[in-house]
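Residue numbers (this note's numbering): 2 to 221. Ideal Cβ placement from N, Cα and C applies to all residues, glycine included. These numbers come from a predicted model, not from an experiment. These notes are about the structure you will find just below.
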Amino acid sequence: MKEYPYTVVLPDNYDEDSRYPAVFALHGKGSNEHDLLELLKPLGAKFILISIRGDREMGPGYQYYELKSLGNPVREQFDEAAAGLEACIEQASTQYAVDPARRYVVGFSQGAILASSLALVMGDRLKGIAALNGYVPDFVKNEYPVRSVEKLSIFISHGEFDPVFPVKIGYETADFFKSRNDHVIFHTYPSGHTVTGDNRSDVLRFLEQDAFPDYNTISQ
């Protein structure tokens, strides 16, 4: 099983005897583990943040798998990534004071594709996902041993002018999950293949309100 390097940010006054919600962050192709940590930084007071780096070099950054063509992953590498990331999440959850009932996967682009796939693979072993500008590969839908996502909290977003994955894909991804879940949040933003300030705020609010439903949001 592949091992993935990751960076951990622990909450203020971290106590090993307590249990904290955790966000596992998956970056986009050609980026690194520090990218989404900056986006998620406002959560650091209350969440354990675990940002996992892809194991394959790509220019100055990294990726979790290579592509045969746009939207067509190298299947063997994708399968290895899905299994390896699932194992990484489980391992890190035992190493730190993670509340197993409040585990979230957040991903952008390639990371969003994997976050969406992990939702189907792990089912209610996750509390929720946030998938930004991604999709679910057909082979995951049709060939993977998928679990129910009925109880998951799901946030999906997409740029209206995304030149990499057209916004139609975002709507299709949202519809796929909505057919299996009544708790899907879907937003589009007037942007390309990127995360806007409003998108970031909505993701943070989604995570905070889901993990702490009785707590006022800690970021704006």
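So the alpha helix (DSSP H) residue i belongs to, where does it begin and stop?
i	result
Leu37	Glu34 to Leu41
Arg126	From DSSP, Arg126 is part of no alpha helix (DSSP H); its letter is neither H nor E.
Tyr21	No alpha helix (DSSP H) contains Tyr21, which is instead part of the beta strand (DSSP E) from Tyr21 to Leu27.
Phe213	Counting along the chain, Phe213 falls outside any alpha helix (DSSP H), and DSSP gives it neither H nor E.
Leu86	Arg76 to Gln96
Quick one: using the 10 Å Cβ neighbour count with 16 as the cut-off for buried, is residue i buried or exposed?
i	result
Asp246	The structure shown does not extend to residue 246, since the chain spans only 2 to 221, so no value can be given for it.
Gln221	Note that Gln221 scores 45 on pLDDT, short of 50, meaning its location in the model is unreliable; the coordinates nonetheless yield the value given after this. Exposed, since its Cβ has fewer than 16 Cβ neighbours within 10 Å.
Asp211	buried
Tyr216	exposed
Gly29	buried
Tyr63	buried
Arg104	buried
Ser118	buried
Tyr15	exposed
Glu161	exposed
Pro214	exposed
Asn73	exposed
Ser52	buried
Arg76	exposed
Ala82	buried
Gly171	buried
Val9	exposed
Based on Cα-Cα distance, which residue from the options lies nearest to residue i?
i	options	result
Leu121	Ala84, Thr197, Glu209 and Glu58	Ala84
Tyr190	Ser154, Ile155 and Asp163	Asp163
Tyr21	Ser117, Leu115, His28 and Pro12	Pro12
Ala116	Pro101, Ile90 and Ala102	Ile90
Pro101	Glu144, Ala23, Tyr5 and Leu41	Ala23
Pro61	Phe178, Gly31 and Val10	Gly31
Leu27	Asn200, Leu40 and Asn143	Leu40
Ala175	Ser158, Met123, Phe25 and Pro138	Ser158
Lys3	Tyr65, Pro43 and Leu50	Tyr65
Asp56	Asp18, Tyr7, Phe48 and Phe166	Tyr7
Gly1	Gly135, Lys142 and Val168	With the chain represented from 2 up to 221, any question about residue 1 goes unanswered, as that position is not in the structure.
Is residue i close to chain D? Criterion is C-beta to C-beta, closer than 8 Å.
i	result
Val24	Going by chain labels, chain D is absent from the structure shown, which holds only one protein chain.
Could you check where the beta strand (DSSP E) with residue i kicks off and where it finishes?
i	result
Gly108	Val99 to Phe109
Arg57	Arg57 to Met59
Tyr63	Gly62 to Gln64
Val137	That residue, Val137, is in no beta strand (DSSP E); it is neither H nor E in DSSP.
Leu68	Leu68 to Ser70
Tyr15	Run containing Tyr15: none; DSSP gives neither H nor E here.
Tyr7	Tyr7 to Val10
Leu50	Ile49 to Ile53
Tell me whether the region 87-105 and the region 60-72 touch, counting them as touching only if at least three CB pairs, one residue from each stretch, are closer than 8 Å. Touching, no, given that fewer than three Cβ pairs across the two stretches are closer than 8 Å.
Per the contact definition of three or more C-beta pairs closer than 8 Å, is the region 122-132 in contact with the region 148-157? Three or more beta-carbon pairs separated by less than 8 Å link the region 148-157 to the region 122-132, which places the two stretches in contact.
Any beta strand (DSSP E) of 3 or more consecutive residues that is wholly inside the region 141-196: For the beta strand (DSSP E) assignment, the uninterrupted runs of no fewer than 3 residues enclosed by the region 141-196 are, from N- to C-terminal side, 154-160 and 185-190.
Determine contact between the region 175-186 and the region 135-151, defined as no fewer than three beta-carbon pairs at a distance below 8 Å. The region 175-186 is in contact with the region 135-151.
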